[in-house]
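If you read the sequence shown in full-length UniProt numbering, its first letter stands for residue 1, the second for the next number, and so on. Please read the structure below before turning to the comments.
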Amino acid sequence: MNRWFNKHTNDFYTREAFKKKLRARSWYKLSQINKKDKLFKKNMIIIDLGSAPGGWSKYAVKKTNIKKSLIISNDILPMKPINGINFIKGDIKRKSIKNKLIKSINKKKVDLLMSDMSPNISGIPSIDIPKSINLIKLATKIAKKILKKEGKMLIKAFQSKELNDYLKYIHTLFKIVKIRKPYASKISSREIYILATNKI
Numbered sequence: 001m002n003r004w005f006n007k008h009t010n011d012f013y014t015r016e017a018f019k020k021k022l023r024a025r026s027w028y029k030l031s032q033i034n035k036k037d038k039l040f041k042k043n044m045i046i047i048d049l050g051s052a053p054g055g056w057s058k059y060a061v062k063k064t065n066i067k068k069s070l071i072i073s074n075d076i077l078p079m080k081p082i083n084g085i086n087f088i089k090g091d092i093k094r095k096s097i098k099n100k101l102i103k104s105i106n107k108k109k110v111d112l113l114m115s116d117m118s119p120n121i122s123g124i125p126s127i128d129i130p131k132s133i134n135l136i137k138l139a140t141k142i143a144k145k146i147l148k149k150e151g152k153m154l155i156k157a158f159q160s161k162e163l164n165d166y167l168k169y170i171h172t173l174f175k176i177v178k179i180r181k182p183y184a185s186k187i188s189s190r191e192i193y194i195l196a197t198n199k200i
């Protein structure tokens with residue numbers, strides 16, 4: 001436990017997030033991706049899945065005009081309130097929560113769907129990878145339904161053969177599909193982000 005704690009707290013981005021009172025080091029991951037790919041504009045409708053503790057949601061508020069934008073966040077875990085964020089607590093795999101999310105956009109189409117959802121990691125690839133793929137499939141299914149034409153999707157993933165196979169399907173839904181590995185993502189981790197833009 002002490003070794004894990006020391007390694008975690010000695011991580012540069014974890015220290016920076018703590019120093020700047022950010023909700024999570026994931027703020028830096030999104031910031032670095034956005035710097036390269038310009039995901040945000042002032043007037044947007046955004047869905048943030050797997051949002052707790054709120055790093056991405058907080059960043060989205062900073063990058064948009066919250067008076068002209070709609071940002072809806074969801075997580076199975078609780079999240080402290082953020083001004084301008086409509087938070088829906090619950091398991092997005094449940095139909096009732098999914099319907100609540102869809103109802104909250106009031107029949108409008110979404111500009112950007114972000115998902116930082118991750119399964120509880122066991123360290124056993126044969127267990128973790130299928131769970132991760134299922135979350136990617138779930139986020140993609142929601143994006144397919146609610147994204148506007150030319151909309152964008154950013155999803156956390158873990159490198160695997162199964163992911164490569166599923167990426168072929170994502171390519172049929174979007175004109176451009178890129179893989180991003182921000183500096184704030186640990187080098188030793190298989191964690192990557194799928195950035196799919198220009199929804200067909």
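The beta carbon of each residue, even a glycine, is placed where N, CA and C say it ideally should be. Since the model is a prediction, treat every value here as computed from it, not as a measurement.
Under 6 Å Cβ to Cβ from SER73, same chain only, skipping five residues before and after it: list those, please. Within the sequence shown, the letter at position 73 stands for residue 73. Cβ neighbours of SER73 beyond the five flanking positions: ASP48, SER51, SER57, ILE85, PHE87.
Using 8 Å as the threshold, is the C-beta distance between LYS80 and GLY54 below it? On the sequence shown, position 80 is the one that residue 80 refers to. On the sequence shown, position 54 is the one that residue 54 refers to. A contact, by the Cβ cut-off of 8 Å.
Can you check the region 61 to 92 for any alpha helix (DSSP H) of at least 4 residues that lies completely inside it and give the ranges in chain order? none
If you draw a straight line from the alpha carbon of SER189 to that of TYR183, how long is it in whole angstroms? Counting from one through the sequence shown, the residue named residue 189 turns up at place 189. Counting from one through the sequence shown, the residue named residue 183 turns up at place 183. Straight-line Cα distance between these residues: approximately 11 Å.
Residue from ARG94, SER104, ARG180, LEU39 with nearest C-alpha to LEU70: Start at 1 with the first residue of the sequence shown, and residue 70 comes out as number 70. It is SER104.
Just to confirm the assignment: which complete beta strand (DSSP E) runs, minimum length 3, are found wholly within the region 87 to 123? 110 to 115
Going by the beta-carbon positions, is the gap between LYS156 and GLU191 smaller than 8 Å? Position 156 of the sequence shown, counted from the first residue, corresponds to residue 156. Position 191 of the sequence shown, counted from the first residue, corresponds to residue 191. Yes.
Spatial neighbours of ILE33 within its chain, please: CB distance less than 8 Å, with the 5 preceding and 5 following residues excluded, ordered by chain position. Here the question's residue 33 lines up with position 33 in the sequence shown. Correct list, in chain order: LEU39, LEU154, ARG180, PRO182, TYR193, LEU195.
What is the DSSP secondary structure of ASP165, reduced to helix, strand or coil? Here residue 165 refers to the residue found at position 165 when the sequence shown is read from its first residue. When DSSP states are grouped into helix, strand and coil, ASP165 belongs to the helix group.
The beta strand (DSSP E) spanning TYR193 covers which residue range? Looking up residue 193 in the sequence shown gives position 193. Here the beta strand (DSSP E) through TYR193 covers 191 to 199.
Which residues does DSSP pair with ALA157 in a beta bridge? The residue labelled residue 157 in the question sits at position 157 within the sequence shown. Partner residues in the beta bridge of ALA157, as assigned by DSSP, are ILE192.
Cβ shell of GLU150 (< 7 Å), same chain only, five flanking positions each side left out: The count along the sequence shown starts at 1 and reaches residue 150 at position 150. Closer than 7 Å at the Cβ level, and outside the excluded window around GLU150, lie ASN198, LYS199.
CA-to-CA distance, LYS89 to ILE97, given in whole angstroms: Reading the sequence shown from its first residue, position 97 is the one you call residue 97. Reading the sequence shown from its first residue, position 89 is the one you call residue 89. Roughly 8 Å between the two C-alpha positions.
C-alpha distance - residue 222 paired with TRP27, whole-angstrom precision: Because the chain in this structure spans residues 1 to 200, residue 222 falls outside the shown range and cannot be described.
Keeping to the same chain, check which residues put their C-beta closer than 6 Å to that of LYS131; ignore five residues upstream and five downstream. On the sequence shown, residue 131 is found 131 positions in, with the first residue counted as 1. Within the same chain, Cβ atoms closer than 6 Å to the Cβ of LYS131 are found at PRO119, the five residues on either side in sequence being excluded.
What do you get for ASN134, buried or exposed, if any count of 16 or more other CB atoms within 10 angstroms of its CB means buried? Translated into positions along the sequence shown, residue 134 becomes position 134. The residue is exposed, with fewer than 16 neighbouring Cβ atoms inside 10 Å.
Would you kindly work out how many angstroms separate the C-alpha atoms of ILE76 and ILE136, rounded to a whole number? Start at 1 with the first residue of the sequence shown, and residue 76 comes out as number 76. Start at 1 with the first residue of the sequence shown, and residue 136 comes out as number 136. Between ILE76 and ILE136, the C-alpha separation is close to 16 Å.
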